[in-house]
Structures are given as C-alpha cells and as structure tokens.
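FYI, UniProt numbering numbers position 592 of the sequence shown as 592, with every residue one higher than the one before it.
Where a beta carbon is used, it is the ideal one built from N, C-alpha and C, also for glycine.
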Amino acid sequence: MSMESLGLAPSTLVFVVLGLTLAAFVWGRFRYDLVALAALLGSVMLGLVPADDAFMGFGHPAVITVAAVLVLSRGFERSGVVDVIAHQVLKVGERLLLQLLVLVGTVVLLSGVMNNVGALALLLPVAMRLAREHDTSPSLLLMPLAFGSLLGGLTTLIGTPPNIIISAYRGNITGENFGMFSFTPVGAAVALVGLAFIVLVGWRFTPKRNAQSAGDDMFDTANYLVELKVSEASKANGLTLQQLRDELEETIPVLAVVRDDDRRAGYRFHGVLREGDILLLEAGPDELRLLEDKVGLSVIAEPDDAEEDESDEQQAAKERQPVDTEGLQLIEAVVRNDSMMVNRSVRQLRLHHQFGLHLVAVARDGARLKQRLRDIRFQTGDVLLLQGSENEIADSLATLGCLPLANRELNLGQPRKLLLSIGIFVLAIIAMLLDLLPAAVAMSTAALVSLLIGVLPLREGYQAIDGPVIVLLAAMLPVGEALETSGGAAIIANALLTFGLEWPVIVSLAGLFLLSMLLSNVVNNAAAALLMAPIAASLANGFDVSLDPFLMVVAVSASCAFLTPIGHQSNTLVLGPGATALVITGSWDCRFRWW
Numbered sequence: 001m002s003m004e005s006l007g008l009a010p011s012t013l014v015f016v017v018l019g020l021t022l023a024a025f026v027w028g029r030f031r032y033d034l035v036a037l038a039a040l041l042g043s044v045m046l047g048l049v050p051a052d053d054a055f056m057g058f059g060h061p062a063v064i065t066v067a068a069v070l071v072l073s074r075g076f077e078r079s080g081v082v083d084v085i086a087h088q089v090l091k092v093g094e095r096l097l098l099q100l101l102v103l104v105g106t107v108v109l110l111s112g113v114m115n116n117v118g119a120l121a122l123l124l125p126v127a128m129r130l131a132r133e134h135d136t137s138p139s140l141l142l143m144p145l146a147f148g149s150l151l152g153g154l155t156t157l158i159g160t161p162p163n164i165i166i167s168a169y170r171g172n173i174t175g176e177n178f179g180m181f182s183f184t185p186v187g188a189a190v191a192l193v194g195l196a197f198i199v200l201v202g203w204r205f206t207p208k209r210n211a212q213s214a215g216d217d218m219f220d221t222a223n224y225l226v227e228l229k230v231s232e233a234s235k236a237n238g239l240t241l242q243q244l245r246d247e248l249e250e251t252i253p254v255l256a257v258v259r260d261d262d263r264r265a266g267y268r269f270h271g272v273l274r275e276g277d278i279l280l281l282e283a284g285p286d287e288l289r290l291l292e293d294k295v296g297l298s299v300i301a302e303p304d305d306a307e308e309d310e311s312d313e314q315q316a317a318k319e320r321q322p323v324d325t326e327g328l329q330l331i332e333a334v335v336r337n338d339s340m341m342v343n344r345s346v347r348q349l350r351l352h353h354q355f356g357l358h359l360v361a362v363a364r365d366g367a368r369l370k371q372r373l374r375d376i377r378f379q380t381g382d383v384l385l386l387q388g389s390e391n392e393i394a395d396s397l398a399t400l401g402c403l404p405l406a407n408r409e410l411n412l413g414q415p416r417k418l419l420l421s422i423g424i425f426v427l428a429i430i431a432m433l434l435d436l437l438p439a440a441v442a443m444s445t446a447a448l449v450s451l452l453i454g455v456l457p458l459r460e461g462y463q464a465i466d467g468p469v470i471v472l473l474a475a476m477l478p479v480g481e482a483l484e485t486s487g488g489a490a491i492i493a494n495a496l497l498t499f500g501l502e503w504p505v506i507v508s509l510a511g512l513f514l515l516s517m518l519l520s521n522v523v524n525n526a527a528a529a530l531l532m533a534p535i536a537a538s539l540a541n542g543f544d545v546s547l548d549p550f551l552m553v554v555a556v557s558a559s560c561a562f563l564t565p566i567g568h569q570s571n572t573l574v575l576g577p578g579a580t581a582l583v584i585t586g587s588w589d590c591r592f593r594w595w
C-alpha cells in the first residue's frame with residue numbers, strides 16, 4: 001500500500017494517522033507504547049516513513065539520554081542520596097506552610113537532576129509520614145508534591161523527556177543542541193512562580209480528607225475490595241447478611257458471596273452463611289479490623305497458581321487457607337507507572353511464589369471493583385494492601401515497582417556509594433558543560449560506571465528503564481518527522497499564521513503554548529513534544545524569527561500536564577493515596593494557570 005495507490009496527499013495521510021493515534025491515546029483502551037508502535041508501522045505501510053528508517057528512533061540520542069537518566073535516578077534511590085535529603089525534610093515543624101515549602105521545594109530541586117516520577121516516589125512516603133505525625137489530610141501535601149515534581153523537571157535538560165526531545169530536535173535543525181542549563185532561566189522562573197502559588201494559594205483549593213488518628217498504621221485512602229472467609233468458629237457462621245450487618249451495627253456493602261466457586265451477587269443472596277463461604281466486600285481499614293475482631297472473618301491468602309503440578313483440589317485448599325500473620329507485616333503500597341504489575345493479575349505475577357506476598361485488598365480511585373482479587377489486573381495508582389515477611393517485604397515491593405505509603409524506614413545508604421553516585425553524576429554534568437561529550441554519551445557513561453562499580457545492581461538497572469516510555473519515544477520520533485517532511489507541520493503553521501500575522505509574535509507563542517499544554521493533558525508529554533516541535537519550527541520560520549523561543553514554549557507547555565490526573569504519571573501516582581478527584585485537579589489547574 002502506498003500514497004499513490006490511495007490517491008491522497010502525504011500531508012492528508014499524516015493527519016489521518018495522527019488523528020487516529022490521538023484518539024487512541026485519549027481512549028486509553030490500549031497502552032500508549034502500543035498505540036505509538038501501531039502509528040509507526042501504519043506510517044511505514046503508507047509510505048510516510050521509509051522502511052529503513054522505521055526503527056532508527058531506538059538509537060536516537062534523545063531515547064538513549066532518557067534511558068540513561070532513568071538508570072541514574074534509580075542509582076540515586078539505591079545509594080541513599082535522596083533519603084538523606086528526605087531525612088532532613090522530616091525535621092520540619094508543624095506549620096503546614098513550612099511543610100509545603102520544604103517538601104515541594106525539595107521535590108522541585110530533585111526533579112531537576114533526576115526523573116520527576118522517581119523524585120515524587122521517594123518523597124511520597126515522607127509526605128504521608130508528615131501527614132500522619134501532624135494529623136494533616138494527606139491530599140494537602142500530595143497534590144502539591146505531584147505538581148512540584150512537574151515544575152522541577154522544567155529546570156534542566158535532563159529534568160523531563162520533553163526537554164531532551166526538544167534539545168535533540170534543535171540539534172537536527174541548527175546543528176547545536178540546547179545545553180544542560182539552557183532551560184534553567186525559563187524553567188526556574190516558572191518553577192518559582194508555581195512554588196509560590198502552591199505554598200501561598202493553591203493548597204487552599206485542595207480537598208481536605210481527615211487522616212486517621214496518630215495511633216493508626218494506615219490512612220483511609222479509600223474503601224478496599226477485600227475477600228474474607230467464614231470459618232467454623234466465626235460468629236458470621238449461620239447468619240444471614242442482614243443479621244451480619246445487625247451484628248456489626250453498621251452497613252458494609254457485600255458485593256458477592258462465593259460458595260463452592262459459585263458466585264452470587266450480595267443483593268441476591270438470601271441464605272445463611274456457612275463455613276468456607278467467601279465474602280467479596282468493600283471496606284476501609286477500620287471496617288476490616290471490625291470484621292475480623294467482632295465477627296471473626298479472616299483474610300484469605302490469594303493463590304497465584306505458581307505450582308504447575310498442583311491439583312485443583314490443592315489450589316482450592318490453598319485459596320481458602322487463612323493468612324498466618326505471625327512474622328508478617330501488613331503494608332499499603334501504590335502501583336507505580338513503571339511497575340511490572342501494571343495490566344497483570346496476581347496469578348500472572350505469581351505474587352506469593354515469586355515475591356512472598358499475599359494480596360489482601362485493592363482500592364482504585366474513581367472505580368468500584370467487583371472482580372475476585374485474583375482476576376483484577378492492576379493499574380497505575382492502585383492502592384494495595386499486602387502482607388509479607390517483615391524482612392523481605394521492602395525488597396519485594398522495590399522489585400515489583402510498588403511504593404510503600406507508610407512505615408517506610410529511610411535508607412541512609414552507604415557513605416561510599418552515596419559519594420560515588422554524586423561524583424559520577426557531577427563528572428557527567430561537567431563533561432556536558434565543557435562540551436567534552438554530548439548528553440547521550442555523558443549520561444550513558446555515567447550510568448555504565450554506576451553499574452560497573454556496584455552503585456546499582458545490573459538487574460535493577462534494567463528494571464529502572466521504563467520500557468513503554470522508551471518504545472513511545474522511539475516509535476513517535478519517525479512519525480513526528482513524517483509530520484514535517486510531508487508538509488503537515490507547515491499546513492498547521494500556515495493556518496496559525498493566517499490568524500496571527502496581524503498580532504504580535506507573543507500572541508502566537510501563547511497560542512502555541514495553549515495548544516501544546518492541552519495536548520499534553522490527554523497524551524503522553526513526550527508524544528506532545530514530538531508532535532508540536534515541527535509545528536513550532538514552521539511557525540518560527542513563517543515569522544522569520546529565532547527558533548529558540550518557540551521550541552522553549554513547547555518544552556515548557558508539554559510538561560504542564562496539571563489539568564487531569566491522567567495527564568502525567570506523577571498525577572496518577574498520588575491519585576490513590578490522595579483520593580484526588582478529576583474535578584478537583586482541574587479546578588486547581590485553572591487557578592494555577594491564571595495565577
């Protein structure tokens with residue numbers, strides 16, 4: 001199939017491909033890396049991208065730089081650099097404004113030198129601990145923390161993928177990339193204004209949700225979907241659901257009753273409960289304790305089908321085996337965007353066999369889960385209640401890509417590794433500033449040295465590389481070039497010029513900012529930068545002015561994904577712990593932009 005056989009102009013075909021791609025991004029049915037790969041292959045089949053150049057994006061300097069920065073960020077986590085900083089943050093006083101200033105200011109600084117999602121992930125437990133110790137609503141700290149991580153990424157070349165992409169694009173056009181601190185004047189100004197807004201004004205628009213008492217171990221992040229078993233000694237044995245509610249003296253929604261693998265909806269179950277019945281219900285942490293203490297319902301160890309040779313009877317017996325809590329720790333954790341758990345179930349992960357963890361309950365913001373726990377496919381931002389060995393649970397969570405929300409002991413690291421990780425990073429920055437090495441080579445060398453000297457184990461180094469993001473970047477780079485070579489970018493730029501020639505250039509810059517910003521809130525910010533860069537270049541050429549302001553506007557606006565919880569991984573990460581609603585985030589964002 002080719003453009004000639006379809007009888008359509010290349011620019012028309014590019015617009016069709018991009019329209020379908022953006023629609024798929026917004027729909028969200030398929031993960032963004034698969035959508036990007038489909039767009040690339042479709043462009044090749046239509047003749048928009050030469051077959052020989054289809055996969056050149058995987059070796060592109062921007063992609064290599066992003067991968068190297070992800071490895072270095074994980075090295076910072078492993079060595080304890082960030083935990084040393086977090087340890088100092090915990091010493092802040094009781095005043096909320098001071099907590100916000102220190103916490104958000106810290107994440108802004110960290111996000112400038114490491115992956116912003118990684119910086120947020122490391123400080124999120126600190127925010128949760130501060131909220132617990134000072135009886136503060138977690139949402140008052142978590143949403144500002146997420147926004148701060150986005151602002152910090154604006155300040156340096158390696159702070160966020162859009163900066164790296166725009167720098168590489170400038171290099172292709174002018175022969176010279178943006179430097180490490182070329183973004184700092186603009187990015188730092190935006191970050192400072194944003195920080196001032198968050199600390200002085202923005203937090204007042206955040207929904208206040210009461211934290212539990214200081215003696216409680218967990219926050220009431222949401223109602224969990226949980227499975228509880230009726231034992232022979234349970235008070236629930238022989239009761240109807242209504243009698244169970246009367247015994248508890250409160251209403252806890254029972255979604256279903258499972259008996260002998262036959263599931264019946266709770267409102268249709270009119271019999272009496274008996275030994276071996278499994279109740280699928282929604283309950284918060286307090287209600288879970290009530291169910292266990294008052295009526296003797298016990299948490300079920302969820303099987304993962306780890307043993308291929310186990311009989312159905314053995315698996316069924318394991319499913320109904322109560323969890324032995326001796327020597328085990330119960331902990332809340334949130335699924336990160338780069339977690340291996342995303343789109344996989346307990347059985348696919350072999351959670352207990354491989355990681356020694358029992359899934360006790362799941363909470364998902366904005367959704368009521370009705371499946372059995374073993375059938376749920378996890379999503380970014382899901383809050384999990386997990387049980388595992390006190391000695392191994394931290395390592396298991398790190399391997400899975402889950403972030404503990406409470407009771408996380410700070411790892412102050414080994415002084416030698418701490419100093420080595422800092423030294424390696426500083427040397428890489430110096431090499432870039434002195435033009436000794438390009439960013440991709442300098443960052444890759446630093447990542448390699450970190451692995452060779454043991455700052456980061458090799459396995460964790462590979463795990464740190466966010467595969468979907470790498471595929472997205474590599475696939476969309478040729479598609480973005482097709483937008484330019486087909487004349488599509490020029491058509492869009494000419495349309496904007498038609499309306500903007502009578503106005504100052506700054507008005508067109510504002511329009512470009514708005515368009516890029518809106519796009520970044522519905523698609524990945526890296527994809528937004530890739531698509532908007534050719535349009536920005538065509539606009540600058542049409543006005544016959546410097547390219548740099550237009551590219552800088554795209555870089556900044558592509559990282560301003562404050563409007564929706566799904567606009568950026570940082571927003572999604574705090575969605576469960578902060579119980580933040582879409583409308584609240586949008587309200588915050590509108591005031592933030594106006595200010």
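Residue of the options minimising C-alpha distance to residue i
| i | options | result |
| --- | --- | --- |
| L157 | A127, G105, M114, P125 | M114 |
| L103 | L124, G112, G118 | L124 |
| L140 | A464, A127, E133, G152 | A127 |
| R349 | R374, G105, L330 | Inspection of the sequence shows that residue 349 is occupied by Leu rather than by Arg. Per the Cα distances, R374. |
| V89 | L244, T106, L403, L531 | T106 |
| G266 | R274, Q329, L280 | L280 |
| Y169 | M532, R132, L563, R268 | M532 |
| Q387 | H352, G238, S450 | H352 |
| L145 | L359, S182, S231, A191 | A191 |
| L509 | L405, L519, F543 | F543 |
| A428 | L18, S450, L41 | S450 |
Element boundaries [alpha helix (DSSP H), containing residue i]
| i | result |
| --- | --- |
| D261 | Taken as a continuous stretch (DSSP letters only), D261 belongs to no alpha helix (DSSP H), as it is neither H nor E. |
| V479 | 467-485 |
| F513 | 505-520 |
| M143 | 139-152 |
| T174 | 161-174 |
| G105 | 96-111 |
| V449 | 439-452 |
Burial state of residue i (16 or more Cβ within 10 Å)
| i | result |
| --- | --- |
| S311 | Confidence at S311 is low in this model, with a pLDDT of 49, below 50, so its placement is unreliable and no value can be given for it. |
| R78 | buried |
| W229 | According to the sequence shown, residue 229 is Lys rather than Trp. Buried, by the Cβ-count rule. |
| I166 | buried |
| A189 | exposed |
| I85 | buried |
| Q354 | exposed |
| T160 | buried |
| S546 | exposed |
| Q99 | buried |
| L200 | exposed |
| R29 | exposed |
| N494 | exposed |
| M45 | exposed |
| W203 | buried |
| A214 | Confidence in A214 is poor, its pLDDT being 35 and thus under 50, which makes the residue's placement unreliable; the coordinate value appears in the next sentence. Exposed, since its Cβ has fewer than 16 Cβ neighbours within 10 Å. |
Span of the beta strand (DSSP E), counted from its first residue to its last, around residue i
| i | result |
| --- | --- |
| residue 605 | Any property of residue 605 remains undetermined from this structure, which presents the chain solely from 1 to 595. |
| H358 | 357-363 |
Three-state secondary structure assigned by DSSP to residue i
| i | result |
| --- | --- |
| H60 | coil |
| I278 | strand |
| P253 | coil |
| V14 | helix |
| A561 | coil |
| L330 | strand |
| L8 | coil |
| A526 | helix |
| A236 | coil |
| A265 | strand |
| T184 | helix |
| G19 | helix |
| G42 | helix |
| R132 | helix |
| E307 | Model confidence at E307 stands at a pLDDT of 44, short of 50, so the residue's coordinates are unreliable; what they give is reported in the following sentence. E307: coil per DSSP, three-state reduction. |
| V117 | helix |
| E502 | coil |
Beta bridge counterpart(s) of residue i as assigned by DSSP
| i | result |
| --- | --- |
| C402 | V335 |
| K229 | I278, S298 |
| Y224 | A283 |
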